[in-house]
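What follows is one structure encoded as structure tokens, with my remarks underneath.
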Amino acid sequence: MHVELIDILIIALYGVVVLGIGFALRGRMQNSGDFLLAGRHIPAWTAGLAFLSANLGAQEMIGMAASGAKYGILTSHFYWVGAIPAMVFVGVFMMPFYYGSRARSVPEYLKLRYDEKTRAFNALTFAVMTVFSSGISMYAMGALLSLLLGWNMHACIIISAVVVLCYIALGGLTSAIYNEVLQFFLIVFGFAPVVYLGLREIGGWEGLTARVPASFVHSWTGMASPNTNPLGVEWFGLLMGLGFVLSFGYWCTDFLVVQRAMAADSMNAARRTPLIAAVPKMLFPFLVIVPGIIALALTLHPTGGAPLLPTAAGGGYDYNMALPMMMSRYYPAGLLGLGLTALLASFMSGMAGNVTAFNTVWTYDLYQSYLVRGASDTHYLRVGRVTTVVGTLISIGTAYLAMRFNNIMDMLQLVFSFVNAPLFATFLLGMFWRRATGHGAFWGLVSGTLAAAGHYELTGVAGGGSLLAKIAVVHVYPSDMAQNFWGAIWAWTVCFVMTIVVSLATAPKPAEELKGLVFGLTPKPADDRLAWYLRPAILGVLVLLGTAALNLIFW
Amino acid sequence: MGMDLRQPIGILFLSYGLILLVYGLARPHPVLDLNVNAIWGVVLVLFGSAMLTLAWRARG
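So the protein sequences, as listed, match chains G and L. For the first sequence, position 293 matches number 970 in this note's numbering, and the numbering has no gaps at all. For the second sequence, position 3 matches number 44 in this note's numbering, and the numbering has no gaps at all.
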């Protein structure tokens, strides 16, 4: 890929605007709440687009196009099954407890609802995970840019880290949220031409279906058995593992995304945040997956010249190159700058999301709760600012760790997936069953995490290697994905059952203390007098109907 | 918090649109017979202007 001066100019202009936003916000950061919670002043549409973008790191963009090339439209399950229903659920049913409890973070909700040890468990694992994933995405960005453009990897990592550090240290969570909204529009305007030009070249959707295997353009037809679709999963594992456990576990309990909704300016805005995000999310497969399928079409049936996708070192195609190859095929200097800015913006805001979530959890849930209690608010504002610097430095450190020890990073991500899988059971019981107790939640989480690890230790994948040594293999799954989905199902079920059993054996919290935290003890938000388009339940139903329609169209 | 996010979005995309439009017209580089820089430049100018108009209207 060849970058010209005009592309650099376009990228630099983005940097100037981002830093400008940071400086404009600097004077508004009066207290720790302004800095760490965006003062709960964010309008619904801004929070909604940020809610969506916080999850759209560049790894996601590159990865979704890669999966599009590898699995075709089946990748849309990660959106239409693995995101939308959970987004509707968190908006309609869970936000009244999150926002209504005035908790400042997800771990703090756990403290209010359950007890101190459950909060500590969640806060600690979350803090460690955020700095590692931020480092991993920085490394991924550096590696990609040095591969595509021949830029210096170290310079890429340091410069982007400095930009992110500046705008968060200046404007805190507000800065991060504003930047995520910018990133949303950059992604839309930066990648839409790739889709249009690709479809124009190969003759529209008909031309595309004529060039790729039938299973690549039908999302449900082969899902009856793991042997008849490229994912290697059957419908039950997909719906329960991805659609229920993993998806609800991420969208409903991961503080990185939930923080955006908690920053909204009212209860109604907080509830509409995930619903507003769900509308573009529903349409994103066309923007991020379709380019991958087109890349495959141009590889299997080149329109002249060589196949589009390069061959990977170990044989097969190098799917991760799908999006970059499409950009370099269609984008002249100028438009290329815009596309690269969209990628860079996703990388930076992915990192910024992690840093801001880390800031809040560290400052409120760890520092204020266990290290220095009862200091002045100015003190915690300063701690928040310092944490930004420290968090960024740790992220740079983990980026270099990832560079040196690729295997360790893969292993850590695997271990983190064990921690995330059971979480939704804890929240579901916490919000809808007042009898659930702190001891129940804690031991449920611990045993669910162990169940995820145990499942991994006892199962294998056909033809696949393993990151950790196996104790014994009692079941072999047809694909990594099947193993991952079923592991999540086991972890969730164990956590769910264990929480109930231990809760019944321990003393419940008095109903007085659970007001605003549990269903049945919390006044229902009064939506009746709102216009229909402001009512979360109606919006949720519309979003679900739209998603169902998309599934039917691409069945 | 008083800051209207539509303003910086408008400024950024209006600038991008103008840059692409001018560059596309000055140094045409057709892709599939389309001057993509100029066409997309117009789209971005329209989007940027719409955002700025909304921001100005809200300010009253």
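Note that the Cβ used here is the ideal one computed from N, Cα and C, for glycine as well.
Straight-line spacing of the CA atoms in T1037 (chain G) and L714 (chain G) works out to 8 Å. At a C-beta separation below 7 Å, Y855 (chain G) has these neighbours in chain L: L46. When DSSP reads this structure, H1152 (chain G) sits in a beta bridge with G:T1136. For Y756 (chain G), the enclosing alpha helix (DSSP H) begins and ends at H754 to W757. C-alpha of T905 (chain G) to C-alpha of W897 (chain G): approximately 10 Å in a straight line.
Chain L places a beta carbon closer than 8 Å to that of A701 (chain G), counting this residue as a contact. For L87 (chain L), no CB of chain G lies under 8 Å from its own CB, so it is not counted at the interface with that chain. Minimum Cα-Cα distance from Y855 (chain G) among the listed residues G:Y873, G:S730 and G:L825 corresponds to G:S730. For chain L, the residues of the stretch 722-751 of chain G that bring a beta carbon within less than 8 Å of one of its beta carbons are T723, in chain order. When C-beta distances to chain L are compared with 8 Å, the residues of the stretch 980-1012 of chain G below that value are Y1007, Y1008, P1009, A1010, G1011 and L1012, in chain order. In chain order, P870, L874, Y1007, Y1008, P1009 and L1012 make up the part of chain G whose C-beta sits under 8 Å from the C-beta of V77 (chain L). Taking 8 Å as the threshold, the shortest C-beta distance from G65 (chain L) to chain G falls below it. Counting only Cβ-Cβ distances below 7 Å, L55 (chain L) has no contacts in chain G at all, with the closest Cβ about 11 Å away. Residues of chain L whose Cβ lies closer than 9 Å to the Cβ of L690 (chain G) are, in chain order, L53, S56, Y57 and I60. DSSP places W722 (chain G) inside the alpha helix (DSSP H), whose first and last residues are A721 to S730. Distance from the CA atom of T1136 (chain G) to the CA atom of S1072 (chain G), rounded to whole angstroms, is 33 Å.
As DSSP reads the structure, T988 (chain G) sits in a beta bridge with G:Y994. Nearest neighbour of F766 (chain G) by Cα position, chosen from G:L952, G:F755, G:L863 and G:C833, turns out to be G:L952. A Cβ-Cβ separation of about 18 Å leaves G759 (chain G) out of contact with V967 (chain G) under the 8 Å criterion.
Around Q48 (chain L), the same chain offers M92, L93 and A96 as residues with beta carbons nearer than 8 Å, after the five sequence neighbours per side are excluded. Taking I80 (chain L) as reference, the option from G:R703, G:P870, G:G749 and G:S811 with the minimal CA-CA separation is G:P870. Nearest C-alpha to L85 (chain L) among L:D45, L:M44 and L:I60: L:I60. Of the residues assessed, G1115 (chain G) falls on the buried side of the cut-off, its CB having 16 or more other CB atoms within 10 angstroms. W81 (chain L) has a beta carbon lying within less than 8 Å of a beta carbon in chain G. Along the length of the stretch 1034-1083 of chain G, whole alpha helix (DSSP H) runs at least 4 residues long occupy 1054-1081, reported in chain order. Within the DSSP bridge table, the entry for A689 (chain G) names no partner. Ranking G:S924, G:K747 and G:G1140 by CA distance to the CA of G993 (chain G) puts G:K747 first. When rounded, the separation of the alpha-carbon atoms in A1168 (chain G) and V1096 (chain G) is 9 Å.
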